[in-house]
Structures are given as structure tokens and as C-alpha cells.
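Residue numbers (my numbering), protein chains in the order written: chain W, 267 to 358; chain B, 964 to 1273; chain G, 2 to 165; chain Y, -16 to 103; chain A, 21 to 530; chain U, 448 to 545. Glycine included, each C-beta is placed from N, C-alpha and C at the ideal position.
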Amino acid sequence: MGEFLTGSACFVLAMVALGLVRILRGPADADRIMAPQLLGTGGIAVLLLLAAATGAPAVVDVALSLALLAAFASVAFVLAKGSPAPGKADEP
Amino acid sequence: MSAALILDACLVLLVLAVAVWTIAARETFPAIAGFVSYGLLLAIVWVRLSSVDVALTEAAIGGGATGVLLLGAAARLTDRAGRRPAGIGLRIMAGALCLAITAALAFVILTLPDPAPTLAPQAVAGLPATGVGNPITAVLVAYRGIDTLLEKIVLLLAVIGVWCLTPDDSWGALPAPWGTARQDDAIVLLARLLAPVGVVVGVYIVWVGADDPGGAFQGGTILAAMWLLVMMAGLIAPLPATSRRLRRVLVAGPALFLAVAFAGFAMSGDFLSYPPAYAKWLIKLIEAALTLSIAAMVGVLVIGPAVRKR
Amino acid sequence: MSVFWSRAGCFLGLWIILDGLDVGGFVLGCATALTASRVSLRLLPGQGWRPRPIALALFGLRFLRQSVIAGADIAWRALSPGMPLRPGFVLYPTRLPEGHPRSVFRMLASLLPGSLPAGPEAQGRVPVHLLDTARPALAELADEEARFSHIFGVSQADTRASHG
Amino acid sequence: MTAEQLYGLCGAGLVGLGLFGLITAELPLRRIVAFNLLGGGAFVVFGVIARRGAAAGLGGDPVPQALIITGVVVGFAATALAVTLVRRLHEETGTTKFDQDELPPETVKLSDATLSGGNP
Amino acid sequence: MLQAGGSLLVLALMLPVIGILLIMSLDARHTGKIALALMPAGLAVALAIAARVWTTQAGLEYFIGGWAPPLGVALRADGISAVMLVTTSVVIGAAGLFARAEFRQPDNQPEARAPLMFWLLLLGIWAGLNAVFLGGDLFNLYVALEMLTFAAVPLVCLSGKAETLAAALRYLLFALLGSALYLLGAVLLFGAYGTLDIALLAARIAAQANMASPVWPLALWVALALMTVGLLAKTALFPLHLWLPPAHSGAPAAASAVLSALVVKASFFLIVRLWFGMLPGLTPWLGAQLLAALGAAAILFGSVLALRQARLKLLVAYSTVAQIGYLFFVFPLAANPAASTASAALAWTGGWMQLVSHALAKAAMFMAAGLIAETLGHDRIAGLGGVARVVPITVIAFALAGASLMGLPPSGGFVAKLLLLSAAVSQGLWFWAVVMLLGGLLAGGYLFRVLSPALGPLPAGWTPAARIPRDRQAVALVLALGAVLLGFAPLKSYDLLQFGRPAIAGAVTR
Amino acid sequence: MSLLRDLFTVLMVSAGGFCFLAGTAGLLRFPDALTRLHALTKADNLGLGLIVLGLIAQAPGPLGALKLVAVWLLAQLAGATATQVLARAVRAEGRDSP
């Protein structure tokens, strides 16, 4: 079972890697900021798989922390983008 | 070749690729997006290196604090690199130098002594005297507590340094790190829902740190992240540098740590030693106070100083 | 006050999920749960929320189903060779009161198949990005909204903010 | 090749990349990021050393692991200070670039700096 | 386990920390008072440590928390630590007295930024310095170095002017590069030897070197190279000096004094710890020559640039670049395997004398330069005419400090350079001797550029931009006199520098 | 019983992995930022959910299983917020207009 779970973690990681290539290339900054978002979800999956594969329950706590903070990069980005010209990000 | 090794190889390649992207990207923002991803990947690397405590730290710092800090700066600083990149001669020379250093490092790492020297047995042997079960916590608070104490002073000095960058006419003003734009209600909702959950998780991470991976810094950073989130949502205002309450919270952890350290002289004969009977509870008390201070420090470092009045 | 205690109970539950049942930890867990509940109450006062437990559980299940459909929908579009996409926007006129109900609903809507609230609303109309404009998205959203307002006990006609 | 060696090489590579960025980047913010890469590399190397020291039922030597945590904290504080400095510089001057060339302005030619002094 | 004198070491380390915590938690009105009250206490502790080292003729050592290395962290004080501790508390105390009026919290007004920050950062620097001089553990020293950086960088831009911000940023980037390289080296040493304790490392390295078939310990040399380069960046040795002049000239005078006199020396101190303390008898000859060559280049380059400066503070800062160069002659001269013990000891003493006398002289000089700039409202050398008539004490302080820098007898600088020179001559290393003499001449040149107009007539119709109180001038004068009087110190007292040398490990290893 | 449990895990984790594959395919193929955002959040969150479901069978006890669910819920919350927030950012950059 451990081997299968590790293999799955590897697969998810590879998928994340491919997605990362696409996102980081842009074109817009908003595309790029999806990278931490992608890694958030993918990273949580990888960590949970690893936790189960290696029987290390503490690793779930790492995944928990990542999940808790997963939206931070996006939020920080949007707020920072919005602040030099107030309301800019809010106009439709 | 086992699945684990393939995973490691993938991870290493991915980390290096993201690092190359971060250095090579022409524009600043993509580089920083790459860097935040790099931080998240490192958290997985730490798990693979059996350092779950470090992984937690990296997740909290890389996923929360550093990301907010750098993304905020990158989105605001509109500077672009000049048309003329660093001279090609400099780049070649720097490249050769860095290549040489990498090669030397690689060689050293591959030829490190086998079996590796380790302090693990000694660290484990000392655990009963500290009353904690997580050897890393024992290292941080007992064996090498002085490092942790001085590190808190470093953090405090960083806070002072950041405050020092307040323009004189704004001293005492509220920092407004995220402008005054109308708040996005998705962010507000996230803050309202997540912050209390984050409080529970943060305290939990500190609490388990005594015996399992976790600890004051990891938990404190999560609490700081929640504080930041609530401020980002505009639900509470940041505290000014002149706030006495804030300063006392900043100082509380290091001060208690120092007081216990000096009390060690009287109680068990040595600075920063714990009487075995109370060691466990003293350490937990210190961790609790440090958590609050760390949360405040990390928060203040990310918020930054008040900006110039216009 | 009952809001406070019910939330504290939830947070204590979360603590137990995280830490397990251990005596020393339980005491701290209680203290933490009370703190978290206070934080929560300060950030999100309890008025205007009368969720019905059983309906809520059913809604949760429905939500699960929807997110499975949403994921499968994306998977199908992404993997099918023709890539059937007709992306576009619609303006969805929401009848929910401004404030939390609307925010929560938008959050749930963002997990529905093929739709994604994008951008702030103007005069109560939420721009929603659709993967497939051929779908009856407006009707689906209205349906979800009706269920939502039923379960959380918010009246759709009420235009006054449920809290400030 | 063992996993430790793999990660060791990764750390060495990160150090090289970070150093390169720190030397050649034009914008201070990029240098700060490069410094973080460099620090990350150094910590990975340290982590490998910790992993190699696995003994006494632990997955790694706890002493370096604890020191890495301290190091990460210090690195974060450095990043925060540097970013704040860059932002303040930008606020004051509208740019974050600072003169990379060595001589501060207002030097006099050696021939003018006669030993009789620069009395007007 | 009772460890004699240990509490003194802890106290030296923690006094400034206590100050920081107190200032942060109390009302701002007490800021200056708390800091100034701690300074005599710190001096007393430093003197007590020196006395202890003197009477025991060996190092003090303290295992924190009773945890012996390699698991725990040791604090150690040998002769050079004691000297550095005393020098530090003298200079910090002087800076505190000098800055007392400038950084006073305004009465009956809301708290002001600069005074609060200045005292906190000054105490931070003090804590960092003491931690560097007492640290026996490479990682603990890393934290100490960072304390120093984090306190020094904001001091540079305390005024908040744009050019000082740029200078501070440049300084910070150099310092961070330095710390990262240092840390990397420490990491490799831990990987190879399983400890971060300098004394234990020394023992393990020596044991490895004594083995019948010594493996070329590449890890050791890579680590040493990385750490040395990192520390050189923090010491601002040519060609890594670019950050220093703008940083040191932009800071407030009291801060410049501390930065130039002490902070750059801390990393030099660590290089010495590594090369002499960690590698007793194994100092790489080629490396030592290389360091000295860089030192020589620094002397020449720094002096020539000092000669070209149009502003007084920059001139003084470039003079620091040059004077740092002398320190690095210690490496080939004190670690020369061919040299006699006496000659090596001469060089060792000379190096530390240079450090201490430069610390006092440069602190005096920066204070004097600051006072001159305050009086005139600018610090252009071309506009110094007649300033000696306005602030005579200050100009005398500047001149006395300059005499020590040039190496005029009977100053401390003279003794330092004489010792180094005679060591170089006795070891047949003529080249370094020539550079030292040349450096003295160039120093004479740039100081003359300042003093000649300063002693000239005042321009007609001149009014001072500010009145300078006597006591601030006196502080600079006392420091400058100290630098000169060091030349009169009884020879016997130099022995203090030798306690614990060269095998710092030898004195304290059990 | 153990075999059945393992089979369930294999099935669910494989399905989760497939969702990640689909999400990445969407990221690579979809034409603009907003459609990619759909792919990113919905497919990956479902993938994570399925993996969590599969791992619940392997969890050491009921509390461990609930913890996994908690992780998934938090990830959902983060995903839902990030999608909306990013969708606005995309539109603010003016590349897609309604």
C-alpha cells in the first residue's frame, strides 16, 4: 500500500509541476498567482498521501497548516494590487 | 528504483526548476510567484527529509508570512529592471563562481563522513531532564535555549528596525498596509470564518510541540497569519508602533524566558537550566508566552511601518 | 449566549479532532475553544442566522454532490478532444440580502459546476463567469439560492442587510 | 544514489542559483528573493546533514533540525527588514534602484586634493 | 556544576538585552536613562571579566544551562574577548554620553521616533557585540552576527533621508550575503565534525590532522573559505568594502562611531577565532598571505580614496576602509610557521593594539566630524576654514585621533604599527612593512587635508549653524586621548592579549 | 476486510489522481485565465476530496479520519475564496470583460 500511495503522490506532484509551467508563463499576473493556489491543493494532497504512506500522522498537521494558509497568497496579491489605485480592483 | 526515490527525484527537479525560474524570470512578479511556490515545495522537501517540525515552519512562513510580504511588495513596487541587464562579463564571472561553489559543495556533501556524526542519542538521553518528548523542542528551549532567546531578540530588533523606518511625521500613526480600498467581501467572509479556526489550530500546533512536531514558532506564525487576515479584511485596525499594549505583548515572551533563565541560577545553579521537577511546565509556560510574542512580531514585520502622511 | 456556546462546542470538537482525547490537552482545548468562540462572535455576530440542522446536513450532502459534478464536468471538458467550451458572462440577479448571506452564497456558487462569480455586483446583479453559456445557469443558480435561503432561514425578499 | 545525496545536490544547486541571483540581480527585491533561495539551499544542506544523522529512533539529528527552524526565523526577519527598507526607499525616491557603481558622488580629483588642503 | 566566573559572562551578554526589554515595556521618557544606567554596569562586568582572565591567566568558560557541548552552547572569554568587551563598553558608553543630548525624548510631548530607536538599536549593537566576543559556538555566533546586522542597518538610516536608506539597503544586502555564506560554512563543519563548538572542532580537526594518513579534509577548507569570505563582506575588507563609506558616513555621528569602531571589528574577530582558534597550528599559509594582500590593497586603495573625498564624513569612512587593512597583517605574521614565537606574539599584540587604538581613535574622529558638521551646517572639506577657532576641543580631538591613525609616536596607533612592522621585518616580510609605512604617509596626507584648513582663518561674517556644548566635545577628546595614551600602557599589560592564544582551545579544553 | 479497504483506497486515490490530471489538462488547454481558474479550483479540489476519501479508509481511527476531512474543508474554503478573489483580479487586469 505504501508504495502505491507514494507513487500516487509522485503522480500528483508531476501533475502539479506541469500545471506550474503553464501558470508561471502568464500572461497576466493573475495567472501567475494561481501557482501558489495550485501548489496549495496539490501540496496538501501530496502531504496527505505521504503521511499515509509513511505512517507519520504529524505530516497531516503540515497539510493542515497549508490548507489554513492556502488562500493567503491570492488574498495578499489582490489587496496589494488594489491598494495603489483604490477601488481599481473593484470596478467591473 | 523505488517509488520514493522517483518522488524525491521529481521533487528535486521541480524545486530546482522553480528556483531557476525565480532567478531567470525577467519581470519581478513572476519571479515572486515562483518563489512562493518554492516555499511550498520546500515544505514537502522537509517532510521527505524527516523534519516535520521544519516542514511546519516552512509551511507557516512560506505559505503565509513571506508570501504576503513579498507579493505585497512586488505588486506595489512598479520598478522594472532596466533594459541593460547586468553586464555580460559580470554574469559570466558570477556564473563561473557560483558553479564552482556549487561543485565544491556538491563534492563535500557527497563525501561527508560515513557514518555521519550525530547528536541524536545525546539529545534523546537528555530528554527526561527536560520533561518534553519532542527532542527538537528540547534543543530549542533547553539544550540550546540561548540561541532561541537571542533569536527572539533578533526578531525584536527586526521589529524595531521596521518601526525605525517610519517617517518622523507618521510616528504613532496607524500602518495602512493594504490601503483603504473597499474590502472584497470574499476576503471578509474568509477572515470571519477562518480566523477562529486558525486560533484553535495555532494553539494546537504549539501544544503538540512539547511531544510531537510543532512548537511556539510554528503556532505563533499561524496565529500571526490569522491576525493579518483579519486586518486584511479590514475587520480590525493594525496597532501603531506607539501602542503600549502591543509592545508589552512583543516583549512578554522574551522577558519571561529571560526571567526563567535567570531564575535557573537560583533554582538549579545554572543560567537557563530548569529544575527537573518543574521543567516540563516551565517550558510550556515559556512556549505559551513566546507564542504570543512571536505572533505579534511576525504580524508587525509583515504589516510594516506607517507610511508618510500625504 | 447560546450562539456563543454552540460555537465553542464546535471549536472544542475541532480541538478534539486535532489533539485527541487527552486530559491536559482537553483543559487547554476548552480554554482555546472559548477564546476562539469569542473571536468568532466578535468577527461574526450571531444575528440573522438560524440554520436548521437536518436541512443543513442535507444541504451539505447536496453540496458534496455538486462539487463532484463540478469536478467531473471540468474533467470532461478538459480531457475531451474537442474541448467543449463556450465561456462567457451572465449577470445573475440575486434576491438575497446584502451581507453575509450573499457572500456565503457566492462562495457556494463558485463551487457549482461551470459557474464562477467574478467581480462585484452592481444593483444586486452578480456577474457570473460560465464555462458553457448554453447551460441554463441562471435557473440553476436561482434554484440553489432558494434552497440556500430556506436552509439558513434568510428571506430572499428581505433587502435590508442582515447585519452591518 | 540515495535520497540524501539527491537532496544534498539540490541544496548545492539552490545555493549556487541564489548566489548568482544575489550577485547579478538588478532590483533589490530580486536580490532579496535570491537571498531567500540561497538561505533555503543552505537549510536544505543542513537538513540533509540532519537526515544523515538519524539515530536513536529519530528520523534525523534534532540539533540541526532545531537550528534550521531558528535559521528560517532569522531569515524571515531579514526578509521583512529588507522589504520594508526597499518599500521605504521606493516611497522616498520613486525607485528602488540604488547606485550600483562604487564611488559616491562628490569626489575630487587626486590632483586637486593637494596637500595644501581645499581652502576656498 | 559550578563554573567559576560564568555568571559574569552571562551578565555581560544579557545586560543590554535586559535594557532592550525594559525600554520596550516602559514609558519612552526613561529610554535614555535606562540605557545610560546600564553602560557603567556593563563596563564593570567587562572589567571584572578582564580581571578574572588576568588573574587566572586562562580563559573563562561557561556551559549554558549546564549542557556541555556538543549538545549545549558554551560561552568563552579569553584575553582578546576581555579586551574587546572592555573596549566595547568604553566606546558604547562614550557614544551614549555623546548622544545623550541629541537623542533625548522631548518633554511633555508625545514620544518621538528617533530617540527611542537610537537607544534600542545601540543596546542591540552592544548585545550583538558581546555575544560575538563571548560566543563559543558557531551557530550561536551566527545569531549574534544577525543581531549586529539588524541593529546596525536601521541605525544607518535613522535620519530617514533617501541616500541613507539606499546606503542601509546596500549594507543589509552585503551583510545578508555574508551571514548566508557564514552559515553555509558552519553547516558543512557540522556535517563533517558533528559539532559547532569551536573548541571541540579544534580538537577534532587536530585529531584528524594527526592521523597517519590524513585525508585532505576538503569540507574543512570549503567551509573555512565560505565563512571567511562571508565575514570579510561584513568587515568590509577590500574589495568587499563598497557598502561601508555611504553607510558609515550617513549614520548619526554617535552611531557612525560605534559602527566604524566596533561593528566591523566583530566579524574580523570571528575570522581570527576561526583561523587561530579553530585551526591551531594549521593556518593555511597561502590563505594568510592572500588576506594580508587584500589588507594591503585596502590600505592603499582606502587611503587614496580618503584623500579624494570632498566630504569630511566620507573621508573618515574611507579611512576606516584603510585602517581595517592593517588588521589582516596578523594572519601571515602571527601564523607564520617559520617565525619565532616571540615574533608571532609581537604581531598578535600589534594586531589587537591596532584594533583597539583604531576603535578609540575612529570613534573620536567620527564624533569630532559630526560636531564639526553640526557647527558648520555641512561637512564639505573645502568649507572647513577656521573651524578650529570655533570648536577647538573638537579639532584637537580630531588631530589626536588622526595622530594615532597615522601612527605618530607615542600614540597607541604608533605602538600597534611598530609591533606589526617589527614582526614583519623580523620575519623578512619586507613587502608588508613597506605597505604599512606607505599607509601611514597617506593617512598623514588625508588628515592634513582636513587639519590645514581647519586651523586657518575664519571666513569673514561667518556664524555657526549650531552651538556645540562642551561636554559633547569632551567625550570625543577623551576617546582620542585614550587612543594616544594607549601608547603609554605598560608592556606587561599586553600579556592580557596573549591569554588563551593561540590555541584558544588549549586553554579551556578539559 | 483489509483487502476491501485497500481496494477502496486504491480506487479513490486513483480517481483523485485522475482529477488532478484533468485539472492540469485544463490548465494547459483552456484559453484564458478565467476558464483556467475553473479548472484549477474545481478539478483539484475534487481530486483532493477523493484522495481524502481514499485515505480515510487507511486512517488510524475516527479522529484521524475527521482530521483529514477538516483539512479538506479548509482547502475548500481557501479554494472558494481564492477563486472569487482571483476572478476579480483577472477582470481588473482587463483581459476578459463581460
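Note on W:E269: under 16 other CB atoms within 10 angstroms of its CB, so exposed under the neighbour-count rule. The Cβ atoms of U:A469 and G:I18 lie no closer than 8 Å to each other. Looking at the backbone, the Cα of W:V326 and that of W:G309 are separated by about 11 Å. Counting C-beta pairs with one atom in each stretch, the stretch 202 to 212 of chain A and the stretch 1056 to 1076 of chain B have three or more that are closer than 8 Å, which means they touch. For G:Y93, the enclosing beta strand (DSSP E) has its first and last residue at G89 to P94.
Nearest CB-CB separation between B:V1223 and chain G: not below the 8 Å threshold.
Checking the DSSP bridge columns, you'll see B:Y1106 has no partner listed. Contact check for B:V1169 and B:E1114: beta-carbon distance about 17 Å, past the 8 Å limit, so the pair fails to qualify. Sequence-distant partners of B:V1162 (beyond 5 residues in either direction) whose C-beta falls short of 8 Å from its own C-beta, in its chain, are L1186 and M1189. Look at G:I75: its C-beta is under 8 Å from a C-beta on chain U. For A:D399, the closest C-alpha among the options A:A417, A:A444 and A:L334 is that of A:L334. Within the stretch 199 to 210 of chain A, those residues whose Cβ lies closer than 7 Å to any Cβ of chain Y are, in chain order, A200, L203, L204, V207 and F210. Here U:A525 has no same chain residue with a Cβ atom under 7 Å from its own Cβ, once five neighbours each way along the sequence are excluded. Taking a Cβ-Cβ threshold of 8 Å, the residues of chain B close to W:P302 are A996, V999, S1000, L1003, G1026 and G1030, in chain order.
DSSP, reduced to helix, strand and coil, places B:P1084 within a helical segment of the structure shown. Using beta-carbon distances, G:H101 counts as an interface residue toward chain B, with a partner under 8 Å. Here DSSP, grouped into helix, strand and coil, assigns G:V127 to strand.
Under the DSSP assignment, A:A313 falls in the alpha helix (DSSP H) whose first and last residues are W305 to R328. In this structure the stretch 421 to 434 of chain A does not lie against the stretch 142 to 153 of chain A, because fewer than three pairs of beta carbons, one per stretch, are closer than 8 Å.
If you look at A:R96, you'll find it in the beta strand (DSSP E) that goes A94 to A97. Residue-level contact by beta carbon fails for Y:F18 and chain B, as no gap is shorter than 8 Å. Contact annotation: the stretch 244 to 255 of chain A does not touch the stretch 83 to 100 of chain A, with fewer than three C-beta pairs closer than 8 Å.
In this structure, the CA atom of B:T1029 is about 24 Å from the CA atom of W:P293. Shown here, A:E122 sits in coil according to DSSP, grouped into three states, outside any helix or strand. Between A:S280 and A:T340, the gap from beta carbon to beta carbon is short of 8 Å. Between the beta-carbon of B:F1234 and that of A:V30 there is about 5 Å, and that keeps the pair under the 8 Å contact cut. With 16 or more other Cβ atoms inside 10 Å of its own Cβ, U:K514 counts as buried.
Under the 8 Å Cβ criterion, the stretch 251 to 261 of chain A counts as touching the stretch 287 to 302 of chain A, having at least three qualifying pairs. With fewer than 16 other Cβ atoms inside 10 Å of its own Cβ, G:I55 counts as exposed. It is roughly 21 Å from the alpha-carbon of W:I289 to the alpha-carbon of B:L1032.
Residues of the stretch 1083 to 1094 of chain B with a C-beta less than 7 Å from any C-beta of chain A: Q1085, A1086 and G1089, listed in chain order.
Excluding the 5 residues flanking it on each side, B:A1023 has same chain C-beta neighbours closer than 6 Å at Q1181, T1184 and I1185, in chain order.
In this structure, DSSP gives Y:E(-13) a helical state, which the three-state scheme calls helix. Around A:G322, the same chain offers Y338, V341 and A342 as residues with beta carbons nearer than 6 Å, after the five sequence neighbours per side are excluded. Comparing alpha carbon positions, the residue from Y:G4, Y:V16, Y:E(-13) and Y:V57 closest to B:I1055 is Y:G4. Within the DSSP secondary-structure output, A:D217 pairs in a beta bridge with A:D157.
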